[in-house]
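**Q**
Residue numbers (this note's numbering), protein chains in the order written: chain E, 11 to 385; chain C, 3 to 323; chain V, 38 to 306.
#1: Quick one: Cα of residue 76 of chain C to Cα of residue 106 of chain E, how far?
#2: In the DSSP assignment, find the unbroken beta strand (DSSP E) run with residue 293 of chain E in it and report its ends.
#3: Spatial neighbours of residue 95 of chain C within its chain, please: CB distance less than 7 angstroms, with the 5 preceding and 5 following residues excluded, ordered by chain position.
#4: Which chain V residues sit within Cβ distance under 7 angstroms of residue 105 of chain C?
#5: Could you list which residues in chain V have their beta carbon closer than 8 angstroms to that of residue 21 of chain C, in chain order?
#6: For a test of the three-state rule: what should DSSP assign to residue 32 of chain C, helix, strand or coil?
#7: Less than 7 angstroms between CB atoms is the rule here; does residue 274 of chain V satisfy it with respect to chain C?
#8: Considering only the beta carbon of each residue, do residue 146 of chain C and residue 137 of chain C sit closer than 7 angstroms?
#9: Can you check DSSP and say which residues form a bridge with residue 172 of chain E?
#10: Using CA coordinates, which residue listed in E:284, E:228, E:252 is at the minimum distance from residue 274 of chain E?
#11: Any C-beta of chain E sitting closer than 7 angstroms to the C-beta of residue 270 of chain C?
#12: Among C:36, C:62, C:39, which has the Cα closest to the Cα of residue 45 of chain C?
#13: Please state whether the Cβ-Cβ distance between residue 150 of chain V and residue 242 of chain V is less than 7 angstroms.
#14: Could you have a look at residue 134 of chain E and say whether DSSP puts it in helix, strand or coil?
#15: Could you check whether residue 272 of chain C and residue 289 of chain C sit closer than 7 angstroms to each other, using their CB atoms as the reference points?
#16: Put residue 164 of chain C into one of helix, strand or coil per three-state DSSP.
#17: Return helix, strand or coil for residue 118 of chain E, following the three-state DSSP convention.
#18: Just mark residue 272 of chain V as buried or exposed, buried being the case when its beta carbon has 16 or more other beta carbons within 10 Å.
#19: Residues of chain V with a CB under 7 angstroms from the CB of residue 135 of chain C: which are they?
#20: Return the residue from the list E:378, E:318, E:60 that minimises the CA-CA distance to residue 279 of chain C.
#21: Along the chain, where does the beta strand (DSSP E) that runs through residue 91 of chain E open and close?
#22: Residue 54 of chain C lies in the alpha helix (DSSP H); which residues open and close that run?
#23: Sort V:87, V:234, V:161, V:141 by Cα distance to residue 103 of chain V and report the nearest one.
#24: Compare the C-alpha of residue 97 of chain V against each of V:267, V:253, V:50, V:263 and name the closest.
#25: Measuring only the C-alpha atoms, how far is residue 165 of chain E from residue 47 of chain C?
#26: Taking 7 angstroms as the threshold (beta carbon to beta carbon), is residue 68 of chain E in contact with chain V?
#27: CB-CB under 8 angstroms to residue 41 of chain E, same chain, minus the five flanking residues each way: which ones, in chain order?
#28: Shortest alpha-carbon distance to residue 62 of chain V belongs to which of C:124, C:165, C:139?
#29: Could you give the first and the last residue of the continuous beta strand (DSSP E) run that contains residue 68 of chain E?
#30: If you count every other CB in all the chains shown that lies within 10 Å of the CB of residue 121 of chain E, and 16 or more means buried, which is it?
#31: Going by DSSP, what residue range makes up the beta strand (DSSP E) through residue 244 of chain E?
#32: Taking its Cβ as the centre, do 16 or more other Cβ atoms sit within 10 Å of residue 170 of chain C, making it buried, or is it exposed?
#33: Name the DSSP bridge partner or partners of residue 41 of chain C?
#34: Return the first residue and the last residue of the alpha helix (DSSP H) that residue 282 of chain E is part of.
#35: So, with DSSP's three-state summary, where would you put residue 71 of chain C?
#36: Using a Cβ cut-off of 7 angstroms, which residues of the segment 276-302 of chain C contact any Cβ in chain A, in chain order?
Okay, structure coming up:
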């Protein structure tokens, strides 16, 4: 019997491979029915592209954070070639810039990282005269807490932290962080495996400042999270999207960008920024201290602030944008219908940005390790 | 062969750069920390800011951190939190190793016997799954075991088909969706799955090499199969067992991916914490200190195993009775 | 009876080892985005796989890094093994323990230490650092598999060759290399498989958007495991399966209990 298996099994598999290969290649002609969404071309390629001048700028951005077509348009309009690279975390990007091995002309760090890089002399001041489109940025989204005097950064996107929930599985739509302490969702919620974010929310739940470094307040937040531990199914980061779309749990602490993604994948999911307030974050365009082509960088930043280009990028990236001209262009009503883009102003007023905590970051890390290693 | 010193040069150079220097780097990062230089910010009359250091000197550039030698990371490492994590890593790794040994040894033993006509082929089939990327294999387990996974779906449809089975499960308090993932057992399952072949291979190789005439002699002298196993096969297979233990234990004690995926962040091991230091926490110095700890612990473990190996080396003349 | 039990036991272990792989393969034909529900048969994931630039370029990186790393580390490791072999006993022992260190060290430590090395040397993480790291962790395995063959070598052979007027280089290529070839070859295969399967060391030492399959799978899976990945696994598995079974069956037919062939079957770590 074994021999038969060996021989037949072997040949069966060979045949299977061939069949699969054939079918895969033959299937190419079939029309793949993709629900092609109607894309409104906010900006178009110029009819007479400027020939390449040989000038280049290098841009360092988050992965999946720009509509690559906008880069083509920029190149065609200016003749400047864009060398585009991506990073995964602020820290990765920081390490690259701080190590000094590579020079970028435009980078897009988050708020607390902007603050840190300003403090460490890694950014240069922006000459606003060369960026007229900065007028498109809504003043509500200019926080001087991380960029005092608004000298170094131009907000590109913004987002919040909040609760993503399955409308079919929750009894009533959550409005408060209390949901994350609710026994109803025992082993039915995901938390973020990220010290700063999760501890920050715990501090807000305890009624303290999001950026507190007071050991007593942090201890209280820690005890709260330890008490919450039995309710938590898992501490995840990016995996939360896949798992929430798959219906693994009913509620999750997420960033709004992930919420947008999940909601586009599943109609059952909705998002709320709890009324107690939350974290609001900005990813901002900056010019590093060692940029080689500052004027090119300014042109690129100005370009991204243009209403039609910002609208295109919003369409592609899905993060809320601070660009009021772009929102007007797209139709404010539709844009504001999303709970991600338009939390109530009073909630927004209670939202704070993370500050760079310097060596206190270690304290957060220590406390977080204590929480997750509790067993 | 004539000694040719020139050959040694590129190799020595390579070993120095890629083995010695990196280890020195770990030690250096491990025993240093970054310390901010204290300064006060002074806004001058013309609006520019200058920075005054403690010794009174003034600079226009904001003073940066400096690297200083300090053992503070070692103190931090010996805090109960990290020791507990290390202990947990050990516990998980030891359980994994034991399960692999218990499951794997019989397989190696059976394959070296006469039951299978082509043991080499079967052995190859056993380790074939290892050629798949280990992340893929682990993800596959996840999609089987998830709350909404394949296993839970099968159980659910089984419940629909067999009401009696459903009632029985309900009466025993089994939830609709059984949570298989996100706990220590899931992590151990993931590790056993990924490392089982590492245990079977060396044991098989060693048992296969045992002189069959020894076993025949034992049988001729009237030893029962059990006795000839405990007196011949087992002692001779010890080196293979020890190699298997090493090959399972070392990766198990330091893994960070399996614990993250199968444990859902609820079963952090020391490897996870090290990875964090180089990622989100961005504290390379502490990460290096922890790496040093892991290195020392693993080397100590291997040293201990080596010692057993030497002590237990089967004597050349095997007494059967 | 006992025999059946023993066979059943091996069968059970086989089932355990193959269960997730069968699932991967099965669900690569699943016409539904959900990983758990069956939505009918489809081949669309295979089409999408070949259209996915990220996966295809990662596949290219994996293969090119694997082959380059295997070639370089085989050359370096063979030279190293010969150099070690020619040393006196004491320095050889010392060198051997240094060379063995990366194998004893956990992958995390190897990865971290190499990353720190590149950081110190201010080399931007990317393709080159990835290649260098893979060479770094492969060389010890090549040394390890070449050394035993050198020990079996007849020391008079090389001398005889030189007495007959061969240059040392000729002596090496004509006399020594053919004799140690099996060791060199198995070292090469081991380096290749280790490089292709590596995740941990690559994780710490790559950058600038260069990523191999392991890293791509890791980052992709965070955004949601696409059935494309299942399709990729199926193809990889079938290729490896056919290759290995093919080689081994033809070899084994000649000599069912050939131990030499079993030695070739190495674990890719």
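Cβ atoms here follow ideal geometry from the backbone N, Cα and C, with glycine treated the same way. Predicted model, so just to flag it, every value in this text is computed and none were measured.
**A** Let me lay it out:
#1: For the purposes of this step, residue 76 of chain C is taken as residue 74 along the second chain, with counting starting at 1. For the purposes of this step, residue 106 of chain E is taken as residue 96 along the first chain, with counting starting at 1. Taking the straight line joining both Cα atoms gives about 27 angstroms.
#2: As a working mapping, residue 293 of chain E is identified with position 283 in the first chain. That run of the beta strand (DSSP E) goes 290-295.
#3: By 1-based counting over the second chain, the position of residue 95 of chain C is 93. In the same chain as residue 95 of chain C, and ignoring 5 residues on each side of it, the C-beta atoms closer than 7 angstroms to its own belong to 251, 254, 255, in chain order.
#4: As a first step, residue 105 of chain C must be located in the second chain, where it is residue number 103. By Cβ distance, chain V contributes 50.
#5: Counted from its first residue, the second chain places residue 21 of chain C at position 19. Correct list: 135, 136, 138, 139, 173.
#6: Position 30 of the second chain holds residue 32 of chain C. Reduced to three states, the DSSP call for residue 32 of chain C is helix.
#7: Here residue 274 of chain V refers to the residue found at position 237 when the third chain is read from its first residue. By this cut-off, residue 274 of chain V is an interface position.
#8: Within the second chain, residue 146 of chain C is the residue found at index 144, counting from 1. Within the second chain, residue 137 of chain C is the residue found at index 135, counting from 1. Cβ distance not < 7 angstroms, so residue 146 of chain C and residue 137 of chain C don't count as in contact.
#9: The residue you call residue 172 of chain E lines up with position 162 of the first chain. DSSP, once it has assigned bridges, lists E:264 as partnering residue 172 of chain E.
#10: Counted from its first residue, the first chain places residue 274 of chain E at position 264. It is E:252.
#11: The residue labelled residue 270 of chain C in the question sits at position 268 within the second chain. Taking Cβ atoms only, chain E reaches closer than 7 angstroms to residue 270 of chain C, which makes this a yes.
#12: Translated into positions along the second chain, residue 45 of chain C becomes position 43. It is C:62 whose Cα lies nearest to the Cα of residue 45 of chain C.
#13: Position 113 of the third chain, counted from the start, is the residue given in the question as residue 150 of chain V. Position 205 of the third chain, counted from the start, is the residue given in the question as residue 242 of chain V. Contact: no.
#14: As a first step, residue 134 of chain E is located in the first chain; it is residue number 124 there, counting from the start. In the structure shown, residue 134 of chain E sits in coil (DSSP, three-state: anything other than H, G, I, E or B).
#15: Residue 289 of chain C sits at position 287 when you count from the first residue of the second chain. Residue 272 of chain C sits at position 270 when you count from the first residue of the second chain. The answer is no: Cβ separation not under 7 angstroms.
#16: By one-based count along the second chain, residue 164 of chain C stands at place 162. Coil, per DSSP.
#17: On the first chain, position 108 is the one that residue 118 of chain E refers to. Reduced to three states, the DSSP call for residue 118 of chain E is coil.
#18: In the third chain, residue 272 of chain V corresponds to position 235, counting from 1. It counts as buried.
#19: Residue numbering aside, residue 135 of chain C sits at position 133 when the second chain is read from its first letter. The answer, in chain order, is 234, 250, 251, 254.
#20: Here the question's residue 279 of chain C lines up with position 277 in the second chain. The residue with the shortest Cα to Cα distance from residue 279 of chain C is E:378.
#21: Counting from one through the first chain, the residue named residue 91 of chain E turns up at place 81. 91-97 is the span of the beta strand (DSSP E), which, as asked, contains residue 91 of chain E.
#22: Taking the second chain and counting its residues from 1, one reaches residue 54 of chain C at position 52. No alpha helix (DSSP H) contains residue 54 of chain C, which is instead part of the beta strand (DSSP E) from 51-55.
#23: Residue 103 of chain V sits at position 66 when you count from the first residue of the third chain. Nearest C-alpha to residue 103 of chain V: V:234.
#24: For the purposes of this step, residue 97 of chain V is identified with residue 60 of the third chain, where counting begins at 1. Of the listed residues, the one whose Cα sits closest to residue 97 of chain V is V:253.
#25: As a working mapping, residue 165 of chain E is identified with position 155 in the first chain. As a working mapping, residue 47 of chain C is identified with position 45 in the second chain. Going by the C-alpha atoms only, they are around 31 angstroms apart.
#26: Position 58 of the first chain holds residue 68 of chain E. So, not an interface residue.
#27: Counted from its first residue, the first chain places residue 41 of chain E at position 31. In this prediction, residue 41 of chain E has a pLDDT of 40, which is less than 50 and means its spatial position is unreliable; nothing more can be read from the coordinates.
#28: To locate residue 62 of chain V, count along the third chain from 1; it is residue 25. Of C:124, C:165, C:139, the residue nearest in Cα terms is C:139.
#29: One-based indexing of the first chain puts residue 68 of chain E at position 58. Under the DSSP assignment, residue 68 of chain E falls in the beta strand (DSSP E) whose first and last residues are 66-72.
#30: Walking along the first chain from the start, residue 121 of chain E turns up at place 111. Flag for residue 121 of chain E reads buried.
#31: Walking along the first chain from the start, residue 244 of chain E turns up at place 234. It spans 242-246 - the beta strand (DSSP E) in which residue 244 of chain E sits, taken as one unbroken run.
#32: For the purposes of this step, residue 170 of chain C is taken as the residue at position 168 of the second chain. Flag for residue 170 of chain C reads exposed.
#33: Residue numbering aside, residue 41 of chain C sits at position 39 when the second chain is read from its first letter. DSSP output for residue 41 of chain C lists C:55 as bridge partner(s).
#34: Along the first chain, read from residue 1 onward, the residue named residue 282 of chain E stands at position 272. Careful: residue 282 of chain E lies outside any alpha helix (DSSP H), inside the beta strand (DSSP E) at 279-282.
#35: Sequence index remark: in the second chain, residue 71 of chain C carries index 69 (1-based). Three-state result, residue 71 of chain C: strand.
#36: Given the protein chain composition of this structure (E, C and V), no chain A is represented.
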